[in-house]
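Take this note's numbering: the last position of the sequence shown gets the number 204, and nothing is skipped along the way.
The structure appears below as structure tokens.
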Amino acid sequence: MFDAKLRPVIDPPLNAAARQLVRLGVSANMLTIAGALIGLGAAAAIALQYYTAGLLLVAANRLLDGLDGPVARIKGPSEFGGYLDSLADFLFYVSVPAAFGIANPANALPALFLVSSFTITAVSFLAFAAVAARAGANDGAHGKKAFIYSTGLMEGAETIAFFIAMCLFPLWFPALAWIFTALCVATVLQRIAMARRQFD
Numbered sequence: 005m006f007d008a009k010l011r012p013v014i015d016p017p018l019n020a021a022a023r024q025l026v027r028l029g030v031s032a033n034m035l036t037i038a039g040a041l042i043g044l045g046a047a048a049a050i051a052l053q054y055y056t057a058g059l060l061l062v063a064a065n066r067l068l069d070g071l072d073g074p075v076a077r078i079k080g081p082s083e084f085g086g087y088l089d090s091l092a093d094f095l096f097y098v099s100v101p102a103a104f105g106i107a108n109p110a111n112a113l114p115a116l117f118l119v120s121s122f123t124i125t126a127v128s129f130l131a132f133a134a135v136a137a138r139a140g141a142n143d144g145a146h147g148k149k150a151f152i153y154s155t156g157l158m159e160g161a162e163t164i165a166f167f168i169a170m171c172l173f174p175l176w177f178p179a180l181a182w183i184f185t186a187l188c189v190a191t192v193l194q195r196i197a198m199a200r201r202q203f204d
């Protein structure tokens, strides 16, 4: 919901950092892979109940995810890079709630529902992107991406806000996870309505 609105704020510093990384010979795929490994490290820390370490690694993962796109645009984006970035994103999004489910048995059921809702949300997102690409429908609100992004109630910024809250207040995970699950379901319904308007 807020991703497109945050772009004018976060893009200038990310682009400046990306130019420095390119001068150092860092590639977008290197950042994506490093971010994915850090994301798995965040999940491991959370599963072991090292929530502060998990929070710091979540932040590092998102920083690298924010940098790989600008680096790719400077060096020239590739189809494989876009694919790899999406795969790394969803690996991160699923592993963090799963880690909370491992950390505390009381978290298991809400974590299961949250991971399931993420899966359905991802399908709605990627299916919309595939059909929109074929139809040539792109509003450009999310900047230059490997594929067409559909605006939704729950996007990257909202997801990270929930992950941060979960790391800061791990005992609140069940309540946060149920709220997050409901918002993911609402996002899927929103995308179905958008798809009906645009594609039918």
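We treat Cβ as the ideally placed atom computed from N, Cα and C, and that holds for glycine.
All values derive from a computational prediction rather than experimental measurement.
How about residue i and residue j: are their beta carbons less than 8 angstroms apart?
{"i": "D69", "j": "G39", "result": "yes"}
{"i": "A21", "j": "G85", "result": "no"}
{"i": "Y55", "j": "C171", "result": "yes"}
{"i": "A110", "j": "P174", "result": "no"}
{"i": "A169", "j": "I106", "result": "no"}
{"i": "T163", "j": "D89", "result": "no"}
{"i": "A63", "j": "A57", "result": "no"}
{"i": "L71", "j": "L18", "result": "yes"}
{"i": "F132", "j": "A199", "result": "yes"}
{"i": "S99", "j": "A47", "result": "yes"}
For residue i, which residues from the same chain have a beta carbon less than 8 angstroms from its beta carbon, with the 5 sequence-adjacent residues on both sides left out?
{"i": "I196", "result": "S128"}
{"i": "C188", "result": "L118, S121, F122, I124, T125, M158"}
{"i": "L95", "result": "A40, G43, L44"}
Per DSSP, what kind of secondary structure is residue i in: helix, strand or coil?
{"i": "Q24", "result": "helix"}
{"i": "E162", "result": "helix"}
{"i": "F122", "result": "helix"}
{"i": "F132", "result": "helix"}
{"i": "F167", "result": "helix"}
{"i": "F173", "result": "coil"}
{"i": "G147", "result": "With a pLDDT of 48 at G147, under the threshold of 50, the modelled position of that residue is not reliable, and no figure is offered here."}
{"i": "P17", "result": "helix"}
Going along the chain, which residues of its own chain have a beta-carbon closer than 7 angstroms to the beta-carbon of residue i, five neighbours each way excluded?
{"i": "L118", "result": "P101, A181, F184, T185"}
{"i": "D93", "result": "D69"}
{"i": "R23", "result": "I78"}
{"i": "A115", "result": "P101, A102, F104, G105, A181"}
{"i": "V26", "result": "V75, I78, K79"}
{"i": "D204", "result": "none"}
Taking the alpha helix (DSSP H) that residue i belongs to, which residues open and close that run?
{"i": "L193", "result": "177-203"}
Who are the Cβ neighbours of residue i in its own chain at under 6 angstroms, not counting the five residues just before and after it?
{"i": "R66", "result": "I164"}
{"i": "L59", "result": "C171"}
{"i": "Q53", "result": "A107"}
>> Please give me, in chain order, every unbroken run of the alpha helix (DSSP H) with length at least 4 that falls completely inside the segment 28-109.
In response: Listed in chain order, the complete alpha helix (DSSP H) runs (minimum 4 residues) inside the segment 28-109 are 32-51, 55-79, 83-107.
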